[in-house]
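In the numbering used here, the protein residues as written are 136 to 336. Notes follow the structure.
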Amino acid sequence: MASYPIELDLTGKRVLVVGLGPVGRRKATGLVEAGAEVIGVDPFATPLDGVKTYVERYRPEHLEGMALIFATATAEINRQVVSDARGRRIWVNAASEPELGDFTLPATWRDGPITLTVSTSGASPALAAILRDRAGNAIGPEAAPFAQLLLELRPILLANVVEPERRRQIALIWADQNWLDFWREHGTEAVRTALLRAIEE
């Protein structure tokens, strides 16, 4: 299956999760962490932090005002949710039959501002998880704090370097993988000082 990878800013967006079993609760928790306004529907639901939960059966009316839908109930209910969401032109993910939905979720690894995703285009989610873990281990512990530092320094670069080509050159200098070794040997402040020096040169 050909697909197009994308990262969504869900801050403040209303997202519906139909079915709050183990899969649905895991997805709902991740959506809350991403800043979404999460609504859960399940006739047997128990409270979940950050999720506005309706302890009732799914009805099409639950889709109103939603930006995204996750169908994580039984296969029968999921098919109904997909059909209803399609009729309203709302993107939907179907946990039981991913091919029925509009999008799937890759295996994901997160550390600070770094997000790594791996997909096998539906061939083997288990293989995707194994490759994700291998790649995450290869990144190393210095990458996340270094990325966080770059996130903090980026506004300084934008404010002090006006010329686009010069900005690009500095961004390439900052992205050099050798900084990870320098970080390991000399620590945060030494790296910060060296990166800022590149703006002054």
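The beta carbon of each residue, even a glycine, is placed where N, CA and C say it ideally should be.
Sequence-distant residues of the same chain with beta carbon closer than 7 Å to L285, five excluded per side
W309
DSSP has N213 in a bridge; who is on the other side?
For N213, which the question treats as bridged, DSSP gives no partner whatsoever.
So, under 8 Å CB-CB, Y189 and V176 are touching, yes? Tell me the CB distance rounded to an integer number of Å.
5 Å
When the Cβ atoms of the stretch 298-314 are set against those of the stretch 254-263, are three or more pairs found closer than 8 Å?
no
Counterpart residues of E172 in DSSP-defined beta bridges:
R149
Does the count of Cβ pairs from the stretch 143-155 and the stretch 206-213 closer than 8 Å reach three?
yes
Taking only the alpha-carbon atoms, compute the straight-line gap between S218 and I265 and give it to the nearest angstrom.
33 Å
Would you give the residue range spanned by the alpha helix (DSSP H) that F281 belongs to?
A278 to N295
Just curious, the alpha helix (DSSP H) that D268 is in, first and last residue?
P260 to I274
Indicate whether the contact test is met: 3 or more Cβ pairs, each with one atom in the stretch 189-198 and one in the stretch 233-249, closer than 8 Å.
no
Residues of its chain near P178, where Cβ-Cβ distance is below 8 Å and the 5 sequence neighbours each way are ignored
V190, E191 and R192
Which residues does DSSP list as the beta-bridge partners of N228?
F205
Assuming contact is defined by CB atoms lying nearer than 7 Å, are A171 and K148 in contact in what I supplied?
yes
Given a threshold of 16 other Cβ atoms within 10 Å of its Cβ, counted over all protein chains shown, does H321 qualify as buried or as exposed?
exposed
For the candidate residues N313, L331 and G159, whose alpha-carbon lies nearest to that of R289?
L331
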